[in-house]
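Numbering (this note's numbering), first residue to last: 1031 to 1184.
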């Protein structure tokens, strides 16, 4: 799915920043609404683009993550972790704490609705997954979406 969005993501980032896409081969599929997942990824890339200075770096990557024990409300199982990372301005802990609140934004008036991360959070929870933000002011941000792998039948 990410590969099919590559042109859109690169156009969204524009020439002012570098976008690296690193996708693990042979990942299991996830059972979720593809359009909502695309929208979530696009929202995260837009936020990352807006956080970096000219010449900044963004990375979208996917990988398999196996949880051996329950963590963050997720059952032990296999998950696809889809991450968007940037080397931008980062977020202080008080901003991270409110990042998923509807209508919360750090952008100037008229430049953000504060709904992007709220919608990402709602979608991921509805899909049975988890979203995690790792960030420090001045050091960039990582947003990880964990989605349960689709069950295969024999």
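Glycine included, each C-beta is placed from N, C-alpha and C at the ideal position. These numbers come from a predicted model, not from an experiment.
Contacts around residue i, its chain only, beta-carbon distance under 6 Å, and the 5 residues preceding and following it disregarded
i	result
residue 1077	none
residue 1087	1048, 1117
residue 1130	1147, 1148, 1151
Beta-ladder partner(s) of residue i, from DSSP
i	result
residue 1132	DSSP lists no partner for residue 1132.
residue 1178	1109
residue 1037	Answer by DSSP bridge pairing: none, since residue 1037 is not bridged.
residue 1165	1171
residue 1101	1104
residue 1060	1179
Coarse secondary structure for residue i, derived from DSSP in three states
i	result
residue 1115	strand
residue 1086	strand
residue 1055	coil
residue 1075	helix
residue 1137	coil
residue 1143	coil
residue 1096	strand
Supposed contact pair residue j and residue i - C-beta distance, whole angstroms, cut 8 Å
i	j	result
residue 1058	residue 1180	6 Å
residue 1032	residue 1090	6 Å
residue 1071	residue 1104	Between residue 1104 and residue 1071 the Cβ distance is about 20 Å, and since that is not below 8 Å, they are no contact.
Cβ shell of residue i (< 8 Å), same chain only, five flanking positions each side left out
i	result
residue 1145	1132, 1133
residue 1184	Any reading at residue 1184 needs caution, since the residue's pLDDT is 48, under 50, leaving its predicted position unreliable; the model's value is listed next. Result list for residue 1184: empty, nothing under 8 Å.
Spatial neighbours of residue i in its chain, beta-carbon cut-off 7 Å, leaving aside the 5 residues before and after
i	result
residue 1066	1153
residue 1034	none
residue 1095	1109, 1111, 1176
residue 1040	1049
residue 1106	1097, 1098, 1099, 1100
residue 1054	1092, 1093, 1094
Meets three-Cβ-pair contact criterion under 8 Å: the stretch 1110 to 1129 and the stretch 1150 to 1167: Counting Cβ pairs under 8 Å, three or more are found: they touch.
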